[in-house]
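For reference, the structure is listed below as structure tokens.
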Amino acid sequence: MKKVIMALVGNHRFYDLEVLASVINIFEQDNLLKPEYYSSDDRMYYDYNHDDIISFATGDVLPFDLQIRRKKRIKYNSIIKLDDRPGINIDFGQNIASKDLAYSFAFANRLAETYRPDFGWMHLFSGNQPPFEDELARNIYRIDIGMSGIAPRYDRYGPGGLGLRTFIGPRYVEIFGRELLLSTPAHIKELSWGGICIDLVPNPWQATPEDIIPVWQQSMEHLRSAQVFTHIELNDVGAVSFEVNKHPLSRRTL
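Its first residue numbered 218, the sequence shown is counted upward by one per residue in the numbering used here.
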């Protein structure tokens, strides 16, 4: 099984009560994803308590991350950034049951609708590492390293690219141009909160590399004219370099 990760990045600070409470409520209302434990130092975990979690929304930047975890089905570990570069990452690991993949993608939709990110991804990481056996493995690795938005930081270099499912928030919809996004040669859905969702293929959790790569390449080429995505170079031994995109939003704090 591939590693399944969801990431949302934006400009809504999680140390704000309204933001943190709205996102936490989405977890708490879902019987298969309700948190069981939390931590603020990655060393000691405590039994989950709503009031304890909300107490982290002080209105000020905090020098640590909030983590919430679940060990029952559906198992995950989530990191919520409490600083001025807000984001949430949910790692469902490699052992998520196949029957729960579709459910996790649906949960991603609900969480994105609540948080309304600048960018978000739901992706199954291949686990490919250099040296690559063939061009197929190399291309999948290129997708994996580009889609997270965490490294490189999307607000410095620009977003890294499309994942299996990509959420593009209203600010970036305006930058790309709605018509350009809607004409992307993938499966596109306009969202009620003003964003756009791009699935490379229908039911992306079932896709094979052979399904994904040609659509990803065509879609990235289509969107490249907006000069929003960072340019990623991958050499023969797998070393990666990033080139800052030209759009000014990428070079200022969001």
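Where is the CB? At the ideal position from N, CA and C, for every residue including glycine.
Residue Leu381 holds the alpha-carbon nearest to the alpha-carbon of Pro431 among Glu245, Gln284 and Leu381. In the DSSP assignment, Phe324 falls within the alpha helix (DSSP H) that extends over Ser315 to Tyr332. The beta carbons of Asp317 and Ile285 sit no closer together than 8 Å. With contacts defined by Cβ atoms closer than 8 Å, Ala274 and Leu328 do not form a contacting pair. Val278 counts as exposed, since fewer than 16 other beta carbons sit within 10 angstroms of its beta carbon. In the three-state DSSP reduction, Asp416 falls in the strand class (E or B). Around the CB of Pro334, 16 or more other CB atoms lie within 10 Å, so the residue is classed as buried.
By the neighbour-count criterion, in which 16 or more other beta carbons inside 10 Å mark a residue as buried, Ala323 falls on the exposed side.
DSSP places His229 in the coil class of the three-state scheme, outside both helix and strand. When rounded, the separation of the alpha-carbon atoms in Arg287 and Asp264 is 10 Å.
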